[in-house]
Every structure is written in structure tokens, then in C-alpha cells.
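Note that the protein sequences, when read in sequence, are chains A and B. Per our numbering, the first sequence runs over residues 834 to 1281. Per our numbering, the second sequence runs over residues 81 to 326. Ideal Cβ positions, reconstructed from N, Cα and C, are used throughout, including at glycine.
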Amino acid sequence: MTGHAERAAEFVENEARLHWHDQAVWFVRNKRDIARSFVPEWEELRTLGSQIKAHTLSRLPAYLEQFERNARAAGAQVHWARDAEEHNRIVHGILERRSVTRLVKSKSMLTEECHLNEYLEKNGVEVVDTDLGERIVQFRREPPSHIVMPAIHLKKEEIGELFHEKLGTPAGLADPKALTEAARQHLREKFLGAQAGLTGVNFAIASTGGVVVCTNEGNADLGTSLPPIHIACMGVEKLVPSPRELAVFLRLLARSATGQPITTYTSHFHGPRSGAEMHVVIVDHGRSRILAREEYRNSLKCIRCAACMNTCPVYRRSGGHSYGVTVPGPIGSILAPHIDAKKHAGLPFASSLCGSCTDVCPVRIDLHHQLLTWRGELASRGLVPLGKRVVSRVGGWVLARTWAYRLFGKLARLFAPLLPNPWTRQRELPPMPRESFRAQWRKRGRAR
Amino acid sequence: MDAALFVPCYVDQIYPSVGLATADLLERLGVTVHFPEAQTCCGQPMANSGFFDDARPLAEKMLEVFAPYEHVVCPSGSCTSMVRNHYGMLLPRDPRVAALGAKTRELCEFLHDVLQVKPRGRFPHKVGLHQSCHGLRELRLGSGSERLVPAFSKTQALLENIEGLQLTELSRNDECCGFGGTFAVSEEAVSCAMGRDRIADHERAGSEIIAGADVSCLMHLDGLLRREKKPIRVLHVAELLEEATR
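Here's what the structure looks like:
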């Protein structure tokens, strides 16, 4: 089975692309640094965001029910889905009742996580992702490689080729402005022909029953204003108590995500517009399992800004697809094992534990500590390769005995340079000294 | 003042010069240095791989070995952080954990916070500072580029009175070098790519020497430098200060 390390090695092989990807994503990290510099109370804001989320999660059932009541009062229909499958069935059911065969979507990582597109397509519904990056990866029939910039792994030339094939743009056209214009014309047709629009949800407000969607392209607004049906899909963790708390997250989100003070569009939906219908689908899909585990609970605070991806030196040099999950990077590596620990056992190890993610996180999730906690859990559940287990056991035995340690150290210094060693494929071993520190210290006669 | 040296296993076995420089430097600053010989390893290699059970006896050994001393000084941010920040996870009910954590300091931290010295000396070289992650983000030896806090660096402060030393300006001040313990081998491709990028940054900045407070990172960078026959050399801050104040 190939894991992150193997896929990352493939990514690294193309050195030019590696540097380009690293720099493109680092550029966004830099923009984030600049944007947050204009908010002197940034660190307090992070603490506040973290505390609000902790509070909300601590009484999530009550807030969810309050939200449901208020959303219904505003005229929306509220549906509950235990998992991805139920979510997909519910969405399809809504569409089927109204004989919808053409759906436009704005960006929703939850529906990616649930593989909604495939499900609906199998059931005869044409699904068009209308976020430019999402449309690009949809054309390529591949998952997004980043949760905020889905096509960040592609160069403009590659998008030009793709659009030439799919949209008939002139061969060799790689001007971003012209390509965007072509996409706009193409999507406009899709918007006009759509019978329903689906959006994700950035925040759901318990006290008003409204949902908030943050985009830069305005596609969520077109997709919900033209067709008569709006379906909003959200994970249970998207709740905030009231508009007062929402303000904190709106200040944190765009600055952390793209370095903008605020997204171009922050759209509030309180019930359907007249003559239309609005559905909110609330999805668990493993989230309550995370909520039940104190050591991982913080990860549910995530507002999906992707700052941890942008800062992660491993993500930038291995690309989103190397993680093999919808949400890649540090946050993805602690969420994925909850869904399938065996399948994603390699992800918590796809990190140097540098801790940069923890320090950029706008809601102070202890990301690198959770990665370490996962390593411990995976090891104790026997989901770490046997070889590693043996090395650790033997190493632990030797190191616990000073005499064995001294003997082993001496042997290692003598024989390490002669033995095959994965370290030396790309690196030299350090020159081995004849004597250890302790031997030299003793010789100096300073030991006590 | 008396202090016990906590010499990480790989420093003891592979980089004895760093241990000796640490001892010499401390003695020059008036500290009586002890080296408890029963010490071996803090357990970080096992713990970071998830094998907490294998690391636990090593943590217990550390607690025992260093119990008699008032100060424990270690020339590694990563191993210091293991003792201070992660032993609680391994031994949640052992009261000795907090005591050892409170008196264990990374070398630069000890010089800066406890001895409160800024060594005077001479070191006429262009030096690039490598800020190792655990020292930076788990011990807060510096402010770090992620947080919006007043900028500071304890390591850099220690170099202020070293005549002739010129710190180079890097484009990424505190990006990880990619060592990461077993990560260096299990994710070799990314690890080495990260290391090469750090080196390239130092080359552009004109560093003759990459100095840092963790030899593990330096071993990784040095391995790449020597394989590619690049003229930059690496030096632990202890060695640099020892040489500069000789």
C-alpha cells in the first residue's frame, strides 16, 4: 500500500514543480502574516476564538437544537444526517422530489468529504462546481489538493490546456484573466440552467437560525439567487452562539486563509427567499466521536482556513494529494484517522512536528501535539509497522541500561559507517569520533 | 553555582565536542559542572514514534539521575522540551516530573535567563542562525514568525557582544530543516527537500557558518552539505561561544 511518504517522494522528484508549489503556498502564508499584523490584538483574538469554540462544543446539542428551531422559524427545512451516506441520500431526496437534474454547487469541503458529486452523478443529476478552482479539479476528475485553493497544484499553462479541451479556448492560451473569463461565460450558462443550488456553510448561528457562507467569487450568491432551491450542508461543528461571536471568526478566517481582511462576499442566509425553498443538512459523519474524546476535541474547533497547510513545510513540499484525504495537511492528518485509523495510520507521521501549525492556527488547536497523541494511539493499537516497533523496543531496552548504552554506542560508532543505512542515500553520516563525550570527560578527570 | 550537564545520547556518542564546549563555556562563566554518568537518553526517539511505553523507563531514569541537582543544563532544545513538556504525558502522576521540568534548561536559555550573561568575545564570520523548532516553539527561545508578539531571540541576544560576528539575513527565518527524528528516514524525500531549501536560503544570504542550538538539525544539514560538497559548515552555539570567548 502506498502511503504519504511514497506519494510525497513522487511529488519531490519534479524539483521545479516542488519549488514552485512551495513558493506559491508560502506566498499565502506571507500574506497571512502581513494581514494579521494590522490587528494588534491578534493573539487575544485567537484565544477568544478558541474559547468561543470550546464553549460551543461543550453544549453542542443545545445549540444545535436552538439553531434548528430558529432555522425552521425562519422558513428553512432542517435535516439531520448521521454519516456521509445519509447526507447524500437526503440531498438526493430533496432533488428527486422536485425532479432536479441540474445542480450548481459552491465550494463545500463537507460534500467532498461525503463524495456527494459521485453519488448524485450516479443518480442522474448533473453537478457543476462553480468555484473556479473546484471547477478545474472537477474537469480533471480529481479531488481538490487544498481546502481553500483547490487547484493550487496546477500551473496556468495546465489550466489553459484543460480549458482548451473542455471549453474550447484557443490552444496555448494561459493568460489567467482570459481563462477566468472563459470559465465565467461557461459557468453563467450553468447558473442560468440550474434547478437547485448547493452551498457549504462557514458558520451557523444558533440564536438566529441563519447560515453564513464566505466566498471570493460570488458564486454562492448566484447559485442560491437564481434557482428556487437552496441546500446548505454543514458539519455539526459549524455552530456559533450568536452574531456577536460570528464577528470574532469573520476577523480570523479570511486573514488566516488568504491574507484578506475579509472575504469578498460574506453571505447571510436566514430562511428561503419568497417563492423558494431552503434546506439545511446537518451532518455528523464521525464528529461526535471526536467530541467524545477529550484529547482530540480541540480539533473540532477548526474553521477550515487552511493556515496550517500553508505554513506546513511538509504540505508545501508534498502537495495536498499526497495525503489521500479530502482535508490534507496537519488538520487533515489528525481528522482522518478518526474515520479509518488503519488506512490513514501514516498521516500522523507525515510531519516533522515543527509546531508551526499550532502557532498559526486562528483557534489555537494544539495540532502538533495531537499528531503526537495519534502516534501514541496508533502504536498502542498495533497500527505502526512491526520494524519500527522492534527498533523502538530494542532501543528502549538498551538505553535504559547505562552499560548496554555505552557498549552499543561504541559499536555503533565503529560499525555505522560500514553498514547500509537509509540516512546515507542523500546525506553523509557525521564523522564518528573515537571517544564519546563521557570517555573524554572522564579522562579530563572531572567526573564525580 | 552548580549545574548538572544533561548530554543527549547522540551528542555524547557522535558530537562529544559539543558536550565539551558546553562544559568549558559554563566553567568559564563560573559554573561548577557535574556530569552524572548514569544518564543515557531522554526517550524522545521512542516517544516521538508513538512508543510511549518504551520511553517511560527512560523518563523515570532521567528523573532519578538528575534528582540531586539544582540546575540541569542541556545543549539541545528538543531534548529539553521532551523533559519539560512531554514527561507529563508519559508519567502523569509522578510529582518529580514538574520538579525536573522546572530546573531543566536548554543551554542558551540557561545563559540568558539564569546566568544573565552576554559573553564577550570575537568571532569574525558570517553566521546564519538556524532556529530549531522545538527550542523556538516549545521552549520559546524566540518569538517565532507565526505569532504577533514583540520580536526576541535569546540565542541571538547571546551573540550580541561577539565582535566581528555578522548575522546573515534569511528569507525564511524559522522554517523547519526537515530533520524531525525518525521523520528524517521515514519521510526521507520531503526531509531532504526541506534541508536543501534551508541550505539554499543560507547560501543566498552568504552564511559561512550555520549555527544552531540543536546538533540533530545540524547533523541533517551537514550531511546534505557534505554530500553536495558545499563550503558552508555547521557549528553548535556552544562551540561558537566557546571558540569566541577563548
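ask   = Are the segment 1078-1085 of chain A and the segment 1036-1047 of chain A touching by the rule of at least three beta carbon pairs closer than 8 Å?
value = Contact between the segment 1078-1085 of chain A and the segment 1036-1047 of chain A is present, because at least three Cβ pairs lie under 8 Å.
query = So with Cβ pairs under 9 Å, would you call residue 133(B) a contact of chain A?
reply = With 9 Å as the cut-off, residue 133(B) counts as an interface residue toward chain A.
task = Return no unless some Cβ of chain B is closer than 9 Å to the Cβ of residue 881(A).
result = False, the Cβ-Cβ gap to chain B never drops below 9 Å.
key: Beta-ladder partner(s) of residue 1111(A), from DSSP   = Paired residues: 1063(A).
key: residue 112(B), DSSP secondary structure in three states   = The answer is strand: DSSP assigns residue 112(B) an E or B state.
key: Contact set for residue 252(B): own chain, Cβ-Cβ below 7 Å, skip 5 residues either direction   = The answer, listed in chain order, is 281.
query = Taking DSSP as the reference, what is the three-state secondary structure of residue 988(A)?
reply = Shown here, residue 988(A) sits in coil according to DSSP, grouped into three states, outside any helix or strand.
query = Around the C-beta of residue 293(B), are 16 or more other C-beta atoms found within 10 angstroms, so that it is buried, or is it exposed?
reply = Buried.
Under the three-state DSSP convention, the category residue 213(B) falls into = Residue 213(B) falls in the helix class under three-state DSSP.
task = Taking only beta-carbon positions, decide if residue 926(A) is within less than 9 Å of chain B.
result = Output row for residue 926(A): interface = no.
inquiry  = With a threshold of 9 Å between beta-carbons, can residue 1186(A) be considered close to chain B, or not?
reply    = Interface criterion met: the Cβ of residue 1186(A) is under 9 Å from a Cβ in chain B.
request  = Pull up the DSSP beta-bridge partners for residue 1036(A), would you.
outcome  = In the DSSP secondary-structure assignment, residue 1036(A) is bridged to 1045(A).
message = By the 8 Å beta-carbon criterion, what residues does the segment 297-320 of chain B contribute toward chain A?
response = Shown in chain order are the members of the segment 297-320 of chain B whose Cβ falls below 8 Å from a Cβ of chain A: 299, 300, 302, 303, 304, 306 and 307.
ask   = Residues of chain B with CB under 8 Å from residue 1158(A), in chain order?
value = Correct list: empty, because the minimum Cβ distance to chain B is about 17 Å.
query = Going by other Cβ atoms of all chains shown within 10 Å of its Cβ, with 16 needed for buried, is residue 1232(A) buried or exposed?
reply = So residue 1232(A) ends up on the buried side.
request  = Quick one: residues in its chain with C-beta nearer than 6 Å to the C-beta of residue 152(B), no 5 flanking neighbours on either side, listed in chain order?
outcome  = If the five residues before and after residue 152(B) are omitted, its C-beta is found closer than 6 Å to the C-beta atoms of 84, 86, 146, 183 and 184, all from its own chain and listed in chain order.
inquiry  = For a test of the three-state rule: what should DSSP assign to residue 959(A), helix, strand or coil?
reply    = Three-state result, residue 959(A): strand.
key: Same chain only: Cβ atoms within 7 Å of residue 967(A), ignoring 5 sequence neighbours per side   = Here the set comprises 940, 977 and 983.
request  = Have a look at 119(B), 254(B) and 307(B) and flag the residue whose alpha-carbon is nearest the alpha-carbon of residue 88(B).
outcome  = Ranking 119(B), 254(B) and 307(B) by CA distance to the CA of residue 88(B) puts 119(B) first.
key: Spatial distance of residue 923(A) from residue 1021(A) (CA atoms)   = The straight-line gap from Cα to Cα measures roughly 27 Å.
key: First through last residue of the beta strand (DSSP E) which encompasses residue 1098(A)   = Here the beta strand (DSSP E) through residue 1098(A) covers 1098-1102.
ask   = Does the Cβ-Cβ distance between residue 1195(A) and residue 980(A) come in under 9 Å?
value = No. Outside cutoff.
key: 9 Å Cβ cutoff, residue 94(B) in contact with chain A   = Closer than 9 Å to the CB of residue 94(B) there is at least one CB belonging to chain A.
ask   = Within 9 Å (strictly less), CB to CB, does residue 907(A) reach chain B?
value = No, its Cβ sits nowhere closer than 9 Å to a Cβ of chain B.
key: Three-state secondary structure (DSSP) of residue 202(B)   = Strand at residue 202(B).
ask   = Quick one: is residue 226(B) near chain A, going by C-beta distance under 9 Å?
value = Contact with chain A is found for residue 226(B), since one of that chain's Cβ atoms lies less than 9 Å from the residue's Cβ.
key: Residue range of the unbroken beta strand (DSSP E) whose run includes residue 83(B)   = Under the DSSP assignment, residue 83(B) falls in the beta strand (DSSP E) whose first and last residues are 82-85.
inquiry  = Using the Cβ count rule (16 or more neighbours within 10 Å means buried), how would you classify residue 1169(A)?
reply    = Here residue 1169(A) is buried, its C-beta having at least 16 other C-beta atoms within 10 Å.
request  = Measuring only between beta-carbons, confirm whether residue 1238(A) sits less than 9 Å from chain B.
outcome  = With 9 Å as the cut-off, residue 1238(A) counts as an interface residue toward chain B.
task = Would you tell me roughly how many angstroms separate the C-alpha atoms of residue 323(B) and residue 994(A), rounded to the nearest one?
result = If I take the Cα positions, the gap works out to 59 Å.
ask   = CB residue 901(A) to CB residue 911(A), shorter than 9 Å?
value = Cβ atoms of residue 901(A) and residue 911(A): closer than 9 Å.
query = Whose C-beta lies closer than 6 Å to the C-beta of residue 1030(A) among residues of the same chain, with five residues either side of it excluded?
reply = Closer than 6 Å at the Cβ level, and outside the excluded window around residue 1030(A), lie 937, 1056, 1057, 1060 and 1063.
query = Pick from 852(A), 849(A) and 862(A): whose alpha carbon is nearest that of residue 1092(A)?
reply = The option with the nearest alpha carbon to residue 1092(A) is 862(A).
inquiry  = Using only the alpha-carbon positions, how far apart do residue 223(B) and residue 211(B) sit?
reply    = Rounded to whole angstroms, residue 223(B) to residue 211(B) spans 11 Å at the Cα level.
message = So that I know if they touch, is there some Cβ in chain A lying closer than 9 Å to that of residue 100(B)?
response = Yes - at least one Cβ of chain A is within 9 Å of the one on residue 100(B).
query = In three-state DSSP terms, what is residue 1134(A)?
reply = DSSP, reduced to helix, strand and coil, places residue 1134(A) within a helical segment of the structure shown.
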